[in-house]
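Participant: Quick one: the structure is below, questions incoming.
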Amino acid sequence: MVIVLQDNEKINGTIEWYDKNSIKLHREDGPNLLILKHNIKYLYKDESDSNDDDE
């Protein structure tokens, strides 16, 4: 997933868990992050990171 913050910073990672107010993001290239939802502008699935082998 790619999470875009209110200041337009983009953070890549895998969502480990979420609750009402926060998301825990697992990252390969850095420490895991706990991101408060009110700091998120939007998020989207990173298609280049897809593990699907449907073809």
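Under the numbering used here, the residues of the sequence shown are numbered 1087 to 1141, in order. The C-beta atom is built at its ideal place from N, Cα and C for all residues, glycine as well.
1. Whole angstroms are fine: how far does the CA of serine 1108 sit from the CA of isoleucine 1125?
2. Going by beta carbon distance, what residues of the same chain come within less than 8 Å of isoleucine 1101, once the five residues before and after it are set aside?
3. Are isoleucine 1089 and leucine 1129 touching if we call contact CB-CB under 7 Å?
4. Per the DSSP calculation, histidine 1112 is bridged to which residue(s)?
Facilitator: According to the structure shown:
1. The count along the sequence shown starts at 1 and reaches residue 1125 at position 39. The count along the sequence shown starts at 1 and reaches residue 1108 at position 22. The sequence given here places asparagine at residue 1125; isoleucine does not occur at that position. Cα-Cα distance, rounded: 9 Å.
2. Your numbering for residue 1101 matches position 15 in the sequence shown. Result list for isoleucine 1101: Met1087, Ile1109, Lys1110, Leu1111, His1112, in chain order.
3. The residue given as residue 1089 occupies position 3 in the sequence shown. The residue given as residue 1129 occupies position 43 in the sequence shown. It is a contact, given that the beta carbons lie within the stated cut-off.
4. Along the sequence shown, read from residue 1 onward, the residue named residue 1112 stands at position 26. DSSP output for histidine 1112 lists Thr1100 as bridge partner(s).
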